[in-house]
Amino acid sequence: MYLFVLFNTLYLLPIAAQIWGPDALMPVWSYKPSILGKGLNLLFMDAVKPYFWWFIAAQLVFLLLGILGRLPRIAALVIYFTTANLLNSAYPMFNGGINLLEILLLYLVFMNEDTGLQPTLKNTIWHTLTNTFFTLARLQIAYLYFVATVYKLAGNAWLDGEALYYVLSIDEFSHPWLQASLLKVDWLLVIGTYLALAYQLLFPLLVWFNKTRKPLLIVGVVFHLFIAFGVGLFDFGIIMILSYSVYLSNDQSRHWLNRWSRGKRIQKKTTPE
Amino acid sequence: MKKWSQILTALALFFLLGHFAATIVYTSPRGTFPKSLHQRADQYMIPLFHQNWNLFAPEPPKVSRALFFRCETAEGWSEWINPATTFMEGHYSYRVSYHGKLLQANTNLLHYLMVDYYRYYLLAEEKQETEQEKEEFIFEAMEKSKQYKAIIHYLQQYLAWKMPEQEWQSIEFYCEVTIPPPYKERTTASPELQRIKFPIYSASNN
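From first to last, the protein sequence lines stand for chains A and B.
In case it helps, my numbering puts the first sequence at residues 1 to 273.
In case it helps, my numbering puts the second sequence at residues 1001 to 1206.
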């Protein structure tokens, strides 16, 4: 997740002034937030806008610390604070994927994987918080698919198998190559529409069972890669794929993390003797 | 310690249920629950947990929109420019680049503008008699609209970014709407084009 946030900021750096600076392309939002909301919308304020580089610098430094596993709790908090401020102030550029990213980054603040196994009050609090926000993350993603399906079933285009035709006909959500090839193949458009609908409908049901989870997530990765590169909503597609990590078991997570971390093996936690 | 663990588990369960209930209320269409409940859910959800999952739903977008503008300088009006042209080209060439984000900003700002436009269009249809009266009504309403001001801000900053030497006095823009043929007529019909004009913005009057 942190690697994606790092990548997202780095590829926006060439136009940082146009996104966040005092002369940004985005208009200032007239939303009047609560005190908490104000703290996460600081870059809407004219007095703060000239300091947008400080937000970017702090975000990048703490992202690197977070990725390296240094000061994880402080890093999680600073990453959430700076990322929320940067993304909120550029709201016309983003989509639901960014909403999900912000929510998951906030949950990460309360997930502490370094909690000891001794039965102290501090450890018990961290275990409870970690498990609560981990469960919340799983529920949030399943619920997201449920809501998306309910909304789609309220219209006609998805039920009639026509939705993919309309999406790919729109230049902003397509690619000339896809328009030239896919738009001519009727059966593929219809099957694609129904598969997308079926996947979203089944996800909240099948993701909870060990037998169905793995194939479901593999189909989901393919589906979201199409959204990322075909439909062109790169951030949405990739964030959805990354969010699937909350459904991996401890062993699966350890396996993946060990693939990435050289030398430092991630050990199974055992109860102290 | 067991007692503490039980208390913490109960608190966590309470929070989990409360949070999930607020999420359900917040993401439900207005009117599903009492207004006061929606307002309470908004207060809790908007600052930290804002979310919206109706992408391409209930219907996917059925029109493509393009923003064209020109500016008036001492030498007269410029050519019509579509700021999204270069963003679109970049987005087609490199799927992972800032061009896609600029294109999305352009698309979203135009979408917000057209939502306002159609609201005033329907009001004009209801209240005004002649075509001229309708246009005047829409223009007057649009000039005060937040989304019209947002587009003007965007175009001003775009000009300052891409053509900093340009000393302009007025900006005029329109939205070109391309409607692909309905699904059942896709092989026989051609896309339909509409051009929707907006009031001219004059730097001296604002």
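Each residue gets a CB set at the ideal place from its N, CA and C atoms; glycine is no exception.
Within this structure, are the beta carbons of residue i and residue j separated by less than 9 Å?
{"i": "A228(A)", "j": "I241(A)", "result": "yes"}
{"i": "E172(A)", "j": "G237(A)", "result": "no"}
{"i": "F223(A)", "j": "L248(A)", "result": "no"}
{"i": "G69(A)", "j": "I79(A)", "result": "no"}
{"i": "I19(A)", "j": "L12(A)", "result": "yes"}
{"i": "K166(A)", "j": "P1083(B)", "result": "One detail in the question is off: residue 166(A) reads as Tyr in this sequence, not Lys. Going by C-beta atoms, Y166(A) is not nearer than 9 Å to P1083(B)."}
{"i": "T132(A)", "j": "A1012(B)", "result": "yes"}
{"i": "Y275(A)", "j": "P204(A)", "result": "Since the first and last residues shown for chain A are 1 and 273, residue 275(A) lies out of range."}
{"i": "L197(A)", "j": "L189(A)", "result": "no"}
{"i": "L136(A)", "j": "L1008(B)", "result": "no"}
{"i": "Q1147(B)", "j": "L1103(B)", "result": "no"}
{"i": "A157(A)", "j": "Y1183(B)", "result": "yes"}
{"i": "Q1157(B)", "j": "A24(A)", "result": "yes"}
{"i": "T124(A)", "j": "M1142(B)", "result": "no"}
{"i": "W1077(B)", "j": "F1068(B)", "result": "no"}
Measuring straight from C-alpha to C-alpha, what distance separates residue i and residue j?
{"i": "H1091(B)", "j": "A1066(B)", "result": "15 Å"}
{"i": "R1040(B)", "j": "A1022(B)", "result": "8 Å"}
{"i": "I1046(B)", "j": "T120(A)", "result": "35 Å"}
{"i": "E273(A)", "j": "Q118(A)", "result": "Its pLDDT being 37, under 50, E273(A) is placed unreliably by the model, and the measurement read from it follows with that caveat. When rounded, the distance between both Cα atoms is 10 Å."}
{"i": "S243(A)", "j": "L105(A)", "result": "11 Å"}
{"i": "V147(A)", "j": "E1129(B)", "result": "42 Å"}
{"i": "R138(A)", "j": "V246(A)", "result": "6 Å"}
{"i": "L40(A)", "j": "F1137(B)", "result": "38 Å"}
{"i": "I103(A)", "j": "K1144(B)", "result": "35 Å"}
{"i": "F1020(B)", "j": "N210(A)", "result": "24 Å"}
{"i": "L3(A)", "j": "N1054(B)", "result": "27 Å"}
{"i": "N95(A)", "j": "T1086(B)", "result": "21 Å"}
{"i": "F7(A)", "j": "L60(A)", "result": "10 Å"}
{"i": "L1159(B)", "j": "W1168(B)", "result": "9 Å"}
{"i": "H127(A)", "j": "T1032(B)", "result": "36 Å"}
{"i": "N1052(B)", "j": "I1024(B)", "result": "11 Å"}
{"i": "E1140(B)", "j": "P92(A)", "result": "25 Å"}
{"i": "T271(A)", "j": "A76(A)", "result": "Below a pLDDT of 50, predicted positions are generally treated as unreliable, and T271(A), at 46, falls in that range; no measurement from the model is reported."}
{"i": "Q1006(B)", "j": "S1036(B)", "result": "33 Å"}
{"i": "L1123(B)", "j": "R1030(B)", "result": "22 Å"}
{"i": "A57(A)", "j": "I239(A)", "result": "22 Å"}
{"i": "I98(A)", "j": "G220(A)", "result": "18 Å"}
{"i": "Q140(A)", "j": "Q1043(B)", "result": "19 Å"}
{"i": "W187(A)", "j": "T1178(B)", "result": "25 Å"}
{"i": "K184(A)", "j": "A154(A)", "result": "27 Å"}
{"i": "W1161(B)", "j": "L1155(B)", "result": "10 Å"}
In the DSSP assignment, find the beta strand (DSSP E) that holds residue i and state where it starts and stops.
{"i": "V1177(B)", "result": "1170–1179"}
{"i": "Q1194(B)", "result": "1192–1197"}
{"i": "F1087(B)", "result": "Here F1087(B) belongs to no beta strand (DSSP E); instead the alpha helix (DSSP H) covers 1084–1093."}
Of the choices the options, whose alpha-carbon is the least far from that of residue i?
{"i": "S1097(B)", "options": "Q59(A), L42(A), P14(A), T212(A)", "result": "P14(A)"}
{"i": "M26(A)", "options": "L43(A), R213(A), Y107(A)", "result": "L43(A)"}
{"i": "K38(A)", "options": "L1048(B), Q1039(B), R1040(B), T1032(B)", "result": "L1048(B)"}
{"i": "G192(A)", "options": "G161(A), L206(A), N210(A), L201(A)", "result": "G161(A)"}
{"i": "L100(A)", "options": "G155(A), V5(A), K214(A)", "result": "V5(A)"}
{"i": "L1193(B)", "options": "F1069(B), K1062(B), E1133(B)", "result": "K1062(B)"}
{"i": "L36(A)", "options": "A75(A), I239(A), I141(A), N85(A)", "result": "N85(A)"}
{"i": "W54(A)", "options": "S174(A), L64(A), G21(A)", "result": "G21(A)"}
{"i": "S1170(B)", "options": "E1075(B), W1004(B), H1050(B), Q1147(B)", "result": "E1075(B)"}
{"i": "Y145(A)", "options": "P215(A), Y91(A), V207(A), I125(A)", "result": "V207(A)"}
{"i": "K152(A)", "options": "T115(A), P176(A), F110(A), Y199(A)", "result": "Y199(A)"}
{"i": "F110(A)", "options": "D23(A), F134(A), P176(A)", "result": "F134(A)"}
{"i": "L202(A)", "options": "T149(A), L225(A), Y51(A)", "result": "T149(A)"}
{"i": "S1190(B)", "options": "P176(A), W187(A), S169(A)", "result": "S169(A)"}
{"i": "Q1222(B)", "options": "A1141(B), K1002(B), C1071(B), E1185(B)", "result": "The requested residue 1222(B) is not part of the displayed model; chain B covers only 1001 to 1206."}
{"i": "M1(A)", "options": "L164(A), T83(A), S89(A), D186(A)", "result": "T83(A)"}
{"i": "S1093(B)", "options": "A57(A), S174(A), L129(A)", "result": "S174(A)"}
{"i": "N88(A)", "options": "I1081(B), H1099(B), A1105(B)", "result": "A1105(B)"}
What are the boundary residues of the alpha helix (DSSP H) that includes residue i?
{"i": "R1040(B)", "result": "1035–1049"}
{"i": "A84(A)", "result": "72–88"}
{"i": "S1064(B)", "result": "Run containing S1064(B): none in the alpha helix (DSSP H); it sits in the beta strand (DSSP E), 1064–1073."}
{"i": "I141(A)", "result": "121–153"}
{"i": "E1126(B)", "result": "1098–1127"}
{"i": "A16(A)", "result": "16–20"}
{"i": "S169(A)", "result": "163–169"}
{"i": "R213(A)", "result": "210–225"}
{"i": "N8(A)", "result": "2–12"}
{"i": "G232(A)", "result": "Neither: G232(A) is in no alpha helix (DSSP H) and is coded neither H nor E."}
{"i": "E1140(B)", "result": "1131–1144"}
{"i": "A196(A)", "result": "186–206"}
Pairing CB atoms from the stretch 38–47 of chain A with CB atoms from the stretch 1055–1068 of chain B, are three or more of them under 8 Å? At 8 Å Cβ cutoff, the stretches do not touch.
With three or more beta-carbon pairs closer than 8 Å as the criterion, would you say the stretch 1192–1200 of chain B touches the stretch 1165–1174 of chain B? Between the stretch 1192–1200 of chain B and the stretch 1165–1174 of chain B there are three or more inter-stretch CB-CB distances shorter than 8 Å, so the stretches are counted as touching.
Three or more beta-carbon pairs under 8 Å between the stretch 1097–1113 of chain B and the stretch 1149–1165 of chain B, yes or no? Contact holds between the stretch 1097–1113 of chain B and the stretch 1149–1165 of chain B, because three or more Cβ pairs, one in each stretch, are under 8 Å apart.
Please list, in chain order, the residues of the stretch 14–41 of chain A that have any C-beta partner in chain E closer than 7 Å. Looking for chain E here will not work: the only protein chains present are A and B.
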